[in-house]
Amino acid sequence: MVSPGYFETMRIPLICGRLFDERDGPDAPPVAIVNQTMARKFWPNEDALGKRLRFDLGAGNFRLTQIVGIVGDVKQMGLEVPPKEEMYFLYWQAKGNYMMARALAIRTATDPMSLLSAVRQVVWSIDPEQPISDAMTMDDILDREVEQRRNQASLLGGLAALALILACIGIYGVMAYLVAQQNHEFGVRAALGAGPGDIFGLVLGRGIKLTATGAGIGIAAALLVTRLMRSLLFGVSSFDPLTLGGVVLLLTLVALAACYVPARRAMRIDPMVALHFE
């Protein structure tokens with residue numbers, strides 16, 4: 195049950211037809227507005243405008259209501275719940291229990307809560323016994339809706355950052371260790387005529403191959419794991435190329451840095467010292 199101006203106030207777009215206006219008085223023929231989901235479901239291959247809905251009022255009485263407009267879908271039941279079929283009626287055209295008003299929506303360019311006192315005075319000037327409760331802004335409603343998911347996302351984000359730091363440290367240590375273990379090979383290659391540039395390129399090449407293999411496995415695993423996080427994301431795909439690309443780039447740079455330092459050291463290895471040490 196709504197009043198004229200509801201859709202403008204809530205910024206619900208008009209897809210086709212018209213909104214409620216002065217033509218739709220209490221004694222005018224009943225009209226309704228439906229959302230896109232309802233129009234697609236019940237009239238998939240035809241225009242829903244002008245269709246009539248028949249409501250059983252009991253005792254053999256029926257009420258015909260004409261659809262005059264189609265508006266965009268709204269997630270009424272939660273951010274994770276797909277939009278359902280919805281019909282909007284003018285509250286002064288409703289009959290019986292449908293006349294129960296539940297909420298007053300106000301749009302303002304100033305702080306909404308600063309108008310609360312004035313709104314109460316206006317309402318009480320009409321009905322002094324009308325209780326007013328649960329006054330809140332849309333931001334408050336959204337914050338309450340996503341509070342638990344935001345906390346979960348913050349926790350997962352902190353754990354992910356810690357895991358990324360540990361991964362960087364681990365990759366650096368493993369790559370540096372693997373390069374250090376190849377000192378004997380570098381000494382042999384240097385003794386056989388390999389120059390410092392050859393050894394440097396060999397170390398980086400092996401590091402890049404290992405890094406590429408690990409990155410491929412990591413991306414595949416990430417794509418599987420992100421399916422479990424879809425319920426925590428709104429308006430963002432669980433497959434975010436920018437995020438995955440940034441993490442892969444960071445770990446690649448860490449791996450290359452881990453190869454670079456030992457590679458520079460390997461370039462200066464004395465072949466005789468390396469062979470004698472082994």
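The working numbering puts the first residue of the sequence shown at 195, with every later residue one more than the last.
Where is the CB? At the ideal position from N, CA and C, for every residue including glycine.
Exercise for the section: Just confirm the distance between the C-beta atoms of A226 and T259, as a whole number of angstroms; I'd bet it's less than 8 Å. Expected result: 5 Å
Practice task
Indicate whether A449 and I335 have their beta-carbon atoms separated by less than 7 Å.
Solution key: Not a contact, by the Cβ cut-off of 7 Å.
Practice task
Would you mind reading off the limits of the alpha helix (DSSP H) that contains M204?
Solution key: Element bounds for M204: n/a, residue is neither H nor E.
Handout entry: Beta bridge counterpart(s) of D250 as assigned by DSSP
Key = F256
Handout entry: Own chain partners of R248 with C-beta closer than 7 Å, once the 5 adjacent residues on each side are dropped
Key = F256, L258
Problem - DSSP state of L273 mapped onto helix, strand, coil - result: Residue state, collapsed to three classes: coil.
Problem - Start and end residues, beta strand (DSSP E) containing L443 - result: No beta strand (DSSP E) holds L443; the alpha helix (DSSP H) holding it covers 435-461.
Handout entry: Cβ-based neighbour list, A374, same chain, cut-off 7 Å, excluding 5 preceding and 5 following
Key = P456
Handout entry: Option in G367, L208, A414, A361 with minimal Cα separation from Y282
Key = L208
Handout entry: Three-pair Cβ contact test at 8 Å for the stretch 440-448 versus the stretch 354-368
Key = yes
Practice task
Could you have a look at Y200 and say whether DSSP puts it in helix, strand or coil?
Solution key: Looking at Y200 - three-state DSSP - the assignment turns out to be helix.
Exercise for the section: State the beta-bridge partners of F283 as determined by DSSP. Expected result: DSSP lists A226 as partners of F283.
Practice task
Decide if D328 is buried, meaning its Cβ has at least 16 other Cβ atoms within 10 Å, or exposed.
Solution key: Counting other Cβ atoms within 10 Å of its Cβ, D328 stays below 16 and is therefore classed as exposed.
Practice task
Would you give the residue range spanned by the beta strand (DSSP E) that L208 belongs to?
Solution key: 208-211
Handout entry: Residue range of the alpha helix (DSSP H) that includes F214
Key = Segment: none, F214 is in no alpha helix (DSSP H) and carries neither H nor E.
Exercise for the section: Using three-state DSSP, classify V268 as helix, strand or coil. Expected result: In the three-state reduction of the DSSP assignment, V268 falls in the coil class.
Handout entry: Check whether F214 and L284 have beta carbons under 7 Å apart
Key = yes
Problem - DSSP state of G410 mapped onto helix, strand, coil - result: helix
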